[in-house]
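In what follows, a structure is listed as structure tokens, so that the remarks can point back to it.
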Amino acid sequence: MRILVTGAAGFIGFHLAKRLLARGDDVVGLDNLNAYYDVRLKEARLDLLKSQKRFEFVRADLADEGAMERTFASGRFDAIVNLAAQAGVRYSLENPRAYIDANVRGFMNVLEGVRHHGTSHLVYASTSSIYGLNTSLPLAEGQNTDHPVSLYAATKKANEAMAHSYAHLFGIASTGLRFFTVYGPWGRPDMALFKFTRGILADEPIPVFNEGKMVRDFTFVDDIVEGVVRTVDNPPARNAGWDARHPDPATSSAPWRIFNIGNSEPVELLRYIRAIEAATGRTAKLDLLPMQPGDVLATAADTSRLERVTGFRPATPVEDGVRRFVEWYREFYRA
């Protein structure tokens with residue numbers, strides 16, 4: 001297939017593009033290489049992708065209507081995976097407009113591109129943060145998501161609703177993927193694993209919010225990518241059994257659906273830190289801090305829908321995934 005991957009220089013986009021290229025797809029990677037975090041890391045990822053014959057890079061901003069129109073007009077894509085977004089819960093408290101530009105205006109340009117130029121399947125990143133105040137664990141796609149606690153999560157909820165309206169009006173087959181705390185090699189410097197590893201290796205205190213009393217469904221990036229690829233290959237059909245009187249929030253009479261992709265093994269933050277200590281051979285100095293605005297106490301994914309449709313269930317143990325990240329970090333940064 002010929003597949004457009006937006007956010008291709010980003011953490012998940014880079015891994016996904018590599019996986020698609022390895023199986024023989026042609027990949028057009030789009031990214032604006034913004035300075036939200038160290039651009040050198042993005043450029044290093046991109047250099048590896050550019051070495052592949054089937055990869056083409058387009059530098060463009062998702063919110064640039066003209067650039068997106070030109071990309072779609074010249075592309076003729078069989079599928080699109082939209083991973084470009086302004087990420088980060090805490091940063092949304094400091095720079096909220098960046099989230100509207102990238103995650104709402106940008107996503108509208110993607111939908112319009114698909115509408116006017118056609119593709120068999122739009123797959124887009126949502127987030128576990130969308131569950132917000134919902135504490136009914138494990139979190140399932142059919143549960144309520146009306147109470148997000150960060151603007152980041154609210155924009156992702158908007159994406160799901162926007163995609164549904166286009167699926168209903170124009171028959172655009174779309175799948176939203178709620179990722180649960182992704183980690184692994186080539187990860188983002190603003191994420192906990194990156195910060196903790198850097199701090200531990202430098203013998204510096206690491207910030208541990210809510211005094212470590214947090215639980216996350218940490219999901220290794222290779223498992224996320226496998227779930228995305230299998231989803232790309234299984235576009236949704238209209239759910240003939242969908243009942244408008246008792247609507248299932250994760251499917252529709254339109255060709256639209258939602259999947260969780262998570263490891264389904266909630267891990268306490270302190271266990272995560274112990275895994276980093278084991279991988280580095282160092283002891284962490286903990287700076288215990290209060291809960292941060294926009295955070296939730298716990299996440300845990302019900303992935304039964306994903307498994308039922310694609311036959312895949314993430315299962316990488318956190319100790320294995322953390323070790324692989326630390327190995328990459330030490331090699332890349334010569335730490």
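Its first residue numbered 1, the sequence shown is counted upward by one per residue in the numbering used here.
Even glycine gets a Cβ: it sits at the ideal position worked out from N, Cα and C.
Whole-angstrom distance between residue j and residue i, CA atom to CA atom
{"i": "Y246", "j": "L289", "result": "In the sequence as displayed, the identity of residue 246 is His instead of Tyr. So the alpha carbons of these two residues sit roughly 43 Å apart."}
{"i": "P148", "j": "V296", "result": "10 Å"}
{"i": "A125", "j": "G212", "result": "27 Å"}
{"i": "G18", "j": "R178", "result": "Note on residue identity: the sequence assigns Lys, not Gly, to residue 18. Rounded to whole angstroms, K18 to R178 spans 21 Å at the Cα level."}
{"i": "P207", "j": "T299", "result": "20 Å"}
{"i": "E319", "j": "A192", "result": "15 Å"}
{"i": "N34", "j": "R271", "result": "33 Å"}
{"i": "L48", "j": "G241", "result": "45 Å"}
{"i": "Y99", "j": "Q143", "result": "25 Å"}
{"i": "D287", "j": "E204", "result": "9 Å"}
{"i": "F194", "j": "G171", "result": "41 Å"}
{"i": "R230", "j": "I200", "result": "36 Å"}
{"i": "F312", "j": "P249", "result": "22 Å"}
{"i": "D190", "j": "Y333", "result": "16 Å"}
{"i": "T127", "j": "A335", "result": "31 Å"}
{"i": "R323", "j": "T197", "result": "11 Å"}
{"i": "T283", "j": "D223", "result": "28 Å"}
{"i": "S120", "j": "P235", "result": "7 Å"}
{"i": "F180", "j": "E265", "result": "11 Å"}
{"i": "A67", "j": "F14", "result": "21 Å"}
{"i": "P96", "j": "S51", "result": "36 Å"}
{"i": "I12", "j": "S165", "result": "26 Å"}
{"i": "V104", "j": "A202", "result": "39 Å"}
{"i": "E226", "j": "R308", "result": "15 Å"}
{"i": "T145", "j": "R115", "result": "27 Å"}
Residue i in three-state terms, based on DSSP
{"i": "W346", "result": "Limits of the chain in this structure are 1 at one end and 335 at the other, which puts residue 346 out of reach."}
{"i": "N210", "result": "helix"}
{"i": "A298", "result": "strand"}
{"i": "T183", "result": "Residue identity differs from the one stated: residue 183 is Tyr in this sequence, not Thr. Y183 falls in the strand class under three-state DSSP."}
{"i": "T316", "result": "coil"}
{"i": "G29", "result": "strand"}
{"i": "S174", "result": "strand"}
{"i": "E43", "result": "helix"}
{"i": "N159", "result": "helix"}
{"i": "E265", "result": "coil"}
{"i": "T280", "result": "helix"}
{"i": "V149", "result": "coil"}
{"i": "T338", "result": "Here the chain has residues from 1 to 335 only, and residue 338 is not among them."}
{"i": "R257", "result": "strand"}
Presumed contact (8 Å Cβ cut-off) between residue i and residue j, rounded CB distance
{"i": "T303", "j": "P317", "result": "That pair is no contact at about 16 Å."}
{"i": "F220", "j": "G184", "result": "5 Å"}
{"i": "A254", "j": "A158", "result": "About 17 Å; that fails the 8 Å criterion."}
{"i": "V58", "j": "V123", "result": "Incorrect: roughly 18 Å between the Cβ atoms, too far for contact."}
{"i": "R216", "j": "V182", "result": "Rounded, the Cβ-Cβ distance is 11 Å, inconsistent with contact."}
{"i": "I258", "j": "E141", "result": "5 Å"}
{"i": "I3", "j": "F107", "result": "18 Å between Cβ atoms; not a contact."}
{"i": "A73", "j": "H117", "result": "6 Å"}
{"i": "L137", "j": "A102", "result": "Actually they are not in contact, since the Cβ atoms of L137 and A102 sit about 30 Å apart, beyond 8 Å."}
{"i": "N260", "j": "L306", "result": "6 Å"}
{"i": "L30", "j": "F55", "result": "L30 to F55, Cβ: 12 Å. No contact."}
{"i": "M1", "j": "A79", "result": "6 Å"}
{"i": "A163", "j": "S174", "result": "4 Å"}
{"i": "G294", "j": "L133", "result": "About 12 Å separates the two Cβ atoms, so there is no contact after all."}
{"i": "L16", "j": "V228", "result": "6 Å"}
{"i": "N263", "j": "F209", "result": "Wrong, their Cβ atoms sit about 21 Å apart, outside the cutoff."}
{"i": "M214", "j": "L269", "result": "4 Å"}
{"i": "V326", "j": "I276", "result": "7 Å"}
{"i": "E65", "j": "N32", "result": "E65 to N32, Cβ: 14 Å. No contact."}
Please give the ranges of any alpha helix (DSSP H) in the stretch 47–84, keeping only runs that are unbroken, at least 4 residues long and fully inside the region.
65–75
Contact the stretch 144–158 vs the stretch 88–104: 3+ CB pairs below 8 Å:
yes
Whole alpha helix (DSSP H) runs in the stretch 76–139 with 4 or more residues, listed along the chain?
91–94, 96–99 and 106–117
Fully enclosed by the stretch 186–242, which beta strand (DSSP E) runs are 3 residues long or longer?
205–209
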